Amino acid sequence: MSLANQFAAYTAWRSRLATYIAELQGWLNNNELSDAQSDLRLTQLLERLREDRLNVAFVAEFSRGKSELINAIFFADYGNRMLPSSAGRTTMCPTELLFDGNKLPCIELLPIQTRASNSSVSEYKRFADEWTKISLDTESPEAMQDALRHVSETTRVTPEEAGRLGFEVGQGQIDLYVIGDDGLVEVPRWRHAMINFPHPLLKQGLVILDTPGLNAIGAEPELTLSLLPNAHAVLFILAADTGVTQSDLAIWREHICGGGMAKRGRMVVLNKIDGQWDELKSTEEIDGEIQRQVDSSAAILDLPASQIFPVSAQKGLVAKINGDTALLDKSRLPLLEAALSEELIPAKRDIVCDSTEGEFGDVSRRVRSLLDTRLLGLREQLTELTELRGKNKGVVEYMMGKVRAEKDEFESGLQRYYAVRSVFSTLTNNLFSHLGLDVLRQLTHETRETMLDAAFSKTLSDAMARFFAGSRDALAKSNNEISEILSMMEAVYKKFAIEHGLKLGSPTTFSLLRYEKELDRLQAWCDDHLNTMVSLLTHDKKNITQKFFEEVATQVRRAFEHANRDAEVWLRAIMAPMETQVREHQIQLKRRLESIKRIHQATDTLEDRIAELDGVEQNLLQQIEALEEIVGRVQDMLVPLDVRELRAA
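In this text, residue positions in the sequence shown follow numbering that gives the first Met the number 0: the first is 0, and each later residue adds one.
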C-alpha cells in the first residue's frame with residue numbers, strides 16, 4: 000500500500016476505535032452504569048482520538064531538495080509543485096503544513112522580529128493578531144504558488160539587529176549571513192510559517208514540519224527541544240552529489256540523534272541520485288556508484304546502510320504527475336514511501352494503542368467489577384431467600400438479624416474507610432507540595448535572580464546545574480509520596496477484600512520515570528548548547544539567561560504540567576474502585592435487609608420476590624454479555640497488527 004493508502008487505513012481504524020468507545024460511553028449512560036469520572040475519562044479519550052496528529056519532520060541543510068521531496072511524497076496528485084522548489088534557499092523559516100477546519104485556507108507568518116521577545120513560537124500561536132495572514136486560493140495552483148513564495152521572503156537588517164535575532168553574521172562553515180555593500184545583512188523575513196491547507200492527508204491529521212538549515216535550527220531551540228523530539232518520523236535529507244558535509248553531520252549529531260533523542264522513526268534520504276544517471280554508464284555501474292555513496296554516508300552517520308534511502312525526488316514528482324511508471328521506479332521513491340509507511344504508521348498506531356488501552360481498560364474493568372459485585376450480591380440474596388422456603392417466621396427473623404448485623408459491621412468498618420480518605424488527602428497534598436508548579440516557580444525565580452546577578456561564568460553554570468538538580472529533587476520526593484500512597488492503598492484494598500468480600504484487585508501503579516528522562520534530555524541539550532565553556536565565554540550573560548528561560552525552563556515547566564495532570568488522573572483512578580465498591584456494597588446490604596423485611600412483614604410473598612430477583616439476575620447477565628461484546632471489539636482493535644494478521648490467516 001502507498002503511504003496515502005496506509006494513512007487512510009490508519010485514519011479509518013482510529014475512527015472505528017472512537018466509534019466503539021463512544022458506543023461504550025452511551026451504553027454505560029443508558030444502563031446507569033456510568034459515573035462522573037468514567038464519563039470524563041472516556042470523553043477525554045475520544046477528544047484525544049479526534050485531535051490525533053501524525054507529525055512528520057523534514058530536516059536538511061539548504062539545497063538538499065527537501066521541499067521537492069515533500070512535493071513528491073504528498074502533493075504530486077495536484078499536478079504541480081505546492082511548495083516552492085528551486086536552486087538555493089527556498090524554505091527560509093520552519094514551516095508547518097496542517098489542516099484546521101475552523102480556519103479558511105491560508106498562510107500565517109510570524110515576523111522574525113518576535114525573536115527579540117522572551118516568548119516561544121508555541122506561545123505566539125495563542126495570539127492570532129501577531130501573525131500576518133495570507134489567503135490561499137486552493138482552486139488555482141498558480142495563485143497558491145504565488146502565495147507560498149512568501150515563506151521564502153527575506154529582509155535586510157543591521158549586523159547588530161541580525162545578532163540580536165539569533166543570526167551569526169559571518170560565522171560557521173558557510174557564511175550564510177554576511178554584511179552586504181549597503182552595510183546590512185539579509186535574513187529571513189519570517190520566524191515561523193503555518194500553512195492551513197485542505198489536503199486529504201492533512202485533513203486526516205497529518206502535520207508536516209519543513210525545517211531550514213543548521214543556522215535556522217540553532218536559532219530556534221524550540222525545534223530541537225520540542226518539535227523534532229515529538230515528531231513521529233524525522234526524514235534527514237542529504238544530497239548524493241555532496242554526501243555528508245560537516246554541516247549535515249552537525250545537524251545529525253546535535254539535533255536528530257543526539258542528546259537522548261528517540262531513534263525510532265529517524266530515516267536518512269540520499270536525494271538527487273539522478274545526478275549519477277549517465278547514458279555512457281551501464282545500470283550496474285550507476286547502481287554501484289549510488290551504493291558506494293550510501294555505504295559512505297552510513298559509515299559517517301554510524302547507521303546500517305538499510306536505513307539510508309537513495310531517491311530522486313524531482314524525477315519521482317515528474318513521474319507521478321506524468322504517470323510514468325518506469326521513471327517512478329527508477330527514482331526509487333516508492334521504496335522510501337513503503338519504508339515510511341512500514342515505520343511511521345505502525346509506530347503511531349502503537350502510541351495510540353498504549354494510551355487507549357490504559358484509559359479504556361481501566362474504565363471497562365471497573366464497570367465489569369461493578370456488575371460482578373451486583374451479580375454476587377444478588378445471588379447471595381437469592382440463596383438466602385431460597386433457604387427460607389418452608390421455614391417459620393422465627394427463621395426469617397433470625398436471617399433478618401444476621402443481615403442487619405452484617406450491615407452494622409460494615410457501617411462500623413466505614414470509619415476506617417473515612418480515615419483512609421483523610422490520610423489519602425494528606426498524602427495527596429504532600430505529593431503536590433513537591434510536584435506542584437509553585438515549587439517549580441520558586442526554583443525558576445531563584446535561578447533567574449542568580450543568573451542575572453552573576454559576575455562570573457561559573458556562577459551561571461552552577462545556577463543552571465542547580466535548576467536541574469532542584470527539579471530532579473522535586474520528582475524524587477514526589478516518587479516517594481507516590482510509593483507511600485500506593486503501599487497504603489494496596490493494604491487497604493487487601494483488608495476490605497478480606498473483611499467484606501469487595502472485589503478490588505490491585506491498585507493502579509504510577510511512575511514519574513518518563514519525566515525524569517525528559518529532564519535528562521533537556522539537561523543534555525543545555526549542556527551541549529548553553530552550559531559550555533565556549534558559550535559562557537563568548538555570549539552575553541543576558542542572552543544566555545534569556546535563552547535558558549525562554550526555551551529550557553519553559554520545557555521543564557511543560558513537563559511538570561504534564562506530570563501534575565497525569566498524577567491527578569492516577570489519584571482519581573486509584574481511589575475510584577474503592578469508592579464504587581463501598582457504595583455498591585452498602586446498596587446491596589440495604590437491599591438484602593429490605594427484601595427480608597418485606598417478606599417478614601408479609602408485604603411480598605417469598606416466591607414473587609425470588610421470581611423478581613431471577614429477572615434481575617437475567618438482566619445483569621445480559622448487561623455483562625453486552626459489555627463483553629463492546630469491550631471485545633475495542634480490544635480486538637488494540638491487538639498488534641502482526642497478531643491480527645495471523646488471526647485473519
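Beta carbons: idealized from backbone N, C-alpha and C, even for Gly.
Bear in mind that the values here come from a model prediction, so they are computed numbers and not experimental data.
Item                                                                                                                     : Value
Supposed contact pair A572 and Y514 - C-beta distance, whole angstroms, cut 8 Å                                          : That belief does not hold up - the Cβ atoms of Y514 and A572 are roughly 18 Å apart, past 8 Å.
Other residues of its chain near E396: CB distance less than 6 Å, five sequence neighbours each side excluded            : none
Reference K516; option with closest CA among S354, I484 and F559                                                         : F559
8 Å CB neighbourhood of I484 in its chain, flanking five on each side removed                                            : F423, L426, T427, L430, L570 and I573
Stretch pair the region 330-340 + the region 300-312: three plus CB contacts closer than 8 Å                             : yes
Sequence ranges, alpha helix (DSSP H) only - wholly within the region 310-338, length at least 4                         : 312-321 and 324-330
Limits of the unbroken alpha helix (DSSP H) element including H499                                                       : S456 to H499
Cut-off 6 Å between Cβ atoms - residues of its own chain near E185, not counting five sequence neighbours on either side : T153 and R155
Within 8 Å, strictly: CB atoms of C105 and L147                                                                          : no
Nearest-angstrom beta carbon gap, A192 and T94 [assumed within contact, 8 Å]                                             : 4 Å
The region 612-624 / the region 369-381 touching (three or more Cβ pairs under 8 Å)                                      : yes
Residues that E107 bridges to, as DSSP identifies them                                                                   : K132 and M193
At least three beta-carbon pairs within less than 8 Å, the region 51-68 to the region 230-238                            : yes
Residue range of the unbroken beta strand (DSSP E) whose run includes D99                                                : No beta strand (DSSP E) contains D99, which DSSP labels as neither H nor E.
Through-space distance from T210 to D180, alpha-carbon basis                                                             : 29 Å
Environment of G212 [buried if 16+ CB atoms lie within 10 Å]                                                             : buried
Rounded separation between D99 and L205 - CA only                                                                        : 11 Å
Rounded separation between M399 and Q585 - CA only                                                                       : 16 Å
Assigned secondary structure, A404 (DSSP; H/G/I helix, E/B strand, else coil)                                            : helix
Sheet register partners of I207 (DSSP bridge)                                                                            : V55 and L96
Residues sharing a beta bridge with G242, DSSP                                                                           : A238
Collapsed DSSP secondary structure at P506 in the structure displayed                                                    : coil
Reduced DSSP category for M81 - H, G, I as helix; E, B as strand; rest coil                                              : coil
C-alpha distance - S225 paired with K406, whole-angstrom precision                                                       : 56 Å
Through-space distance from E122 to E129, alpha-carbon basis                                                             : 11 Å
Residue(s) in a DSSP beta bridge with P187                                                                               : T153
6 Å CB neighbourhood of T10 in its chain, flanking five on each side removed                                             : Q203
Span of the alpha helix (DSSP H) around L605                                                                             : L605 to M636
R265: first and last residue of the uninterrupted beta strand (DSSP E) it sits in                                        : R265 to N270
Assigned exposure category for Q294 - 16 Cβ within 10 Å defines buried                                                   : According to the sequence shown, residue 294 is Asp rather than Gln. D294 is exposed by the Cβ-count criterion.
F308 in three-state terms, based on DSSP                                                                                 : strand
H528 - containing alpha helix (DSSP H), residue span                                                                     : L512 to H528
Contacting residues, own chain, Cβ-Cβ under 7 Å from R163 (five flanking each side not counted)                          : A115
Y19 in three-state terms, based on DSSP                                                                                  : helix
Inter-residue CB distance, P506 and R365 (contact presumed, cutoff 8 Å)                                                  : That belief does not hold up - the Cβ atoms of P506 and R365 are roughly 12 Å apart, past 8 Å.
Per-residue DSSP class, three states only, for Q232                                                                      : This sequence places Ala at residue 232; Gln is not what is there. Residue state, collapsed to three classes: strand.
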